[in-house]
Each structure stands twice: as structure tokens, then as C-alpha cells.
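Numbering (the numbering used here), first residue to last: 272 to 364. Where a beta carbon is used, it is the ideal one built from N, C-alpha and C, also for glycine.
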Amino acid sequence: MFNTIFWILAIWFVVNVIWMWFQLDNQTLQKTFAWINVCAVFIGFWVYYGVTHDASMLNGWFVALNWINIVLATIQFYFGYRIVTTHHTHPAN
Numbered sequence: 272m273f274n275t276i277f278w279i280l281a282i283w284f285v286v287n288v289i290w291m292w293f294q295l296d297n298q299t300l301q302k303t304f305a306w307i308n309v310c311a312v313f314i315g316f317w318v319y320y321g322v323t324h325d326a327s328m329l330n331g332w333f334v335a336l337n338w339i340n341i342v343l344a345t346i347q348f349y350f351g352y353r354i355v356t357t358h359h360t361h362p363a364n
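Written out as C-alpha cells, the structure reads:
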């Protein structure tokens, strides 16, 4: 279970990062991905600390992936909930 969840979270992270950068102005998508990342972080830490696993090379990567997902979710919350203002000035004004 430990290895499977790690690889699911790793694939989600890659897809999430790629899609996020191509859709920075899509606030709905950023909010959705941020909340999915919050769930992924909870699942990741729950699996890491709650499931018995061997001392393997994935241990460090698993924790790193969880913390990087926290940073990514924070960035996505910023882009998702920021207030976008546009100031249009007309030369005739």
C-alpha cells in the first residue's frame, strides 16, 4: 500500500504541476486543484505515518513529496483566491 500510494501521489503531483502552469488564470481550476492537493497531503501523511512500511528509499521521497504538495497547494490557493483587478485606461480620457 505504501509504494502504491506513493506512486499515485507522485503521478498526481506531476499532472497537477503541468496543468497548473498552463491554467494560471483559471481560478476555478486552481481552487479545485488546491483542495484536491489538501486531500492528497492528508492521505500522504496518513499513509506515511499510519501504514507499516519497510525502511526503503521511498521514505524520504514520500515525506518530501508531501511537503512539496503543501507548497504547491499554497501557491494554488493564492492563484485561486486572489482578487484580479484590471485597470483599463482609454487614451481619450
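- Annotated three-state conformation of N297 is coil, per DSSP.
- For V334, the uninterrupted alpha helix (DSSP H) run begins and ends at 329-352, by DSSP.
- Each residue's CA atom was taken as its position, placing F293 and D325 some 38 Å apart.
- In the displayed model, V309 falls within a helix according to three-state DSSP.
- V355 and N287 have their C-alpha atoms some 22 Å from each other.
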